[in-house]
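Residue numbers (this note's numbering): 128 to 334.
We treat Cβ as the ideally placed atom computed from N, Cα and C, and that holds for glycine.
Structure first, commentary second.
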């Protein structure tokens with residue numbers, strides 16, 4: 128859920144999710160349609176479908192040694208899960224951790240993962256780092272440096288992502304005639320497995 132989504136948005140949805148599906152097995156038994164509906168509002172809906180597929184894989188085969196074998200799990204998420212959920216000695220390298228390591232010139236141990244993430248998110252900021260508050264400032268060769276503004280993510284308002292989200296919200300409430308929907312968005316959602324098209328009707332996947 129935390130992939131590309133702010134912590135403040137995730138926490139209440141995560142708690143509701145865990146209340147509805149407290150175990151991997153419970154989530155695996157859910158229908159894709161219910162999972163997609165519950166995911167609404169978190170964005171990037173394919174992540175919810177991948178989480179459901181991963182739960183089904185774990186319920187059937189157990190946790191793999193290589194977590195990247197699970198749907199939707201790349202190297203960073205695998206390292207984060209290994210570190211925080213399983214206590215393995217792997218350092219997840221997200222943008223915050225990478226920034227701290229690059230600026231300080233140090234390579235940190237996996238035990239420092241949470242501290243590095245927090246440091247990068249609150250003090251070692253991308254554009255204007257708060258070096259006066261940094262506990263590593265005394266030995267940081269980049270102290271006091273300023274950086275060019277980062278390229279902003281494309282706006283959601285008016286984007287194709289917004290059209291997809293709006294279309295999925297409509298289909299999540301009830302099966303819809305294809306002719307009433309944004310057909311380009313429907314085709315994109317269908318390709319991602321988020322909707323099914325039967326004849327001229329569009330619905331969420333049932334199984």
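Determine, using beta-carbon pairs with one atom in the segment 290-301 and one in the segment 242-251, whether at least three such pairs fall under 8 Å. The segment 290-301 vs the segment 242-251: no contact.
Using beta carbons (cut-off 8 Å, strictly below), is residue 173 in contact with chain D? Given the protein chain composition of this structure (a single chain), no chain D is represented.
Length of the line joining the Cα atoms of residue 232 and residue 243: Cα-Cα distance, rounded: 13 Å.
Under 8 Å: do the segment 151-160 and the segment 178-186 share three or more Cβ pairs, one atom per stretch? Between the segment 151-160 and the segment 178-186, the count of Cβ pairs shorter than 8 Å is three or higher; the stretches touch.
Starting from the Cα of residue 256, find the closest Cα among 265, 266, 241, 274 and give me that residue. It is 274.
From which residue to which residue does the beta strand (DSSP E) around residue 195 run? Here residue 195 belongs to no beta strand (DSSP E), and DSSP marks it neither H nor E.
Assumed close pair residue 132, residue 170 - CB separation to whole angstroms, cut-off 8 Å: About 6 Å separates the Cβ atoms of residue 132 and residue 170, confirming a contact at the 8 Å cut-off.
Supposed close pair residue 332, residue 160 - CB separation, criterion 8 Å: Indeed, because the Cβ distance is near 6 Å, the residues count as touching under 8 Å.
Within the same chain, show all residues whose beta-carbon is closer than 7 Å to that of residue 230, passing over the 5 residues directly before and after it, in chain order. Correct list, in chain order: 251, 267, 269.
Through-space distance from residue 212 to residue 321, alpha-carbon basis: Cα to Cα, residue 321 sits roughly 28 Å from residue 212.
Residue 138 burial status per 10 Å Cβ neighbour count (16 or more: buried): It counts as exposed.
Out of 308, 234, 285, state which residue places its alpha-carbon closest to the alpha-carbon of residue 296. A check of alpha carbon separations from residue 296 across 308, 234, 285 identifies 308 as the nearest.
Whose C-beta lies closer than 7 Å to the C-beta of residue 207 among residues of the same chain, with five residues either side of it excluded? Only 219 meet the Cβ criterion.
Tell me which residue opens and which closes the alpha helix (DSSP H) that residue 315 is part of. Annotation: the continuous alpha helix (DSSP H) that includes residue 315 extends over 310-318.
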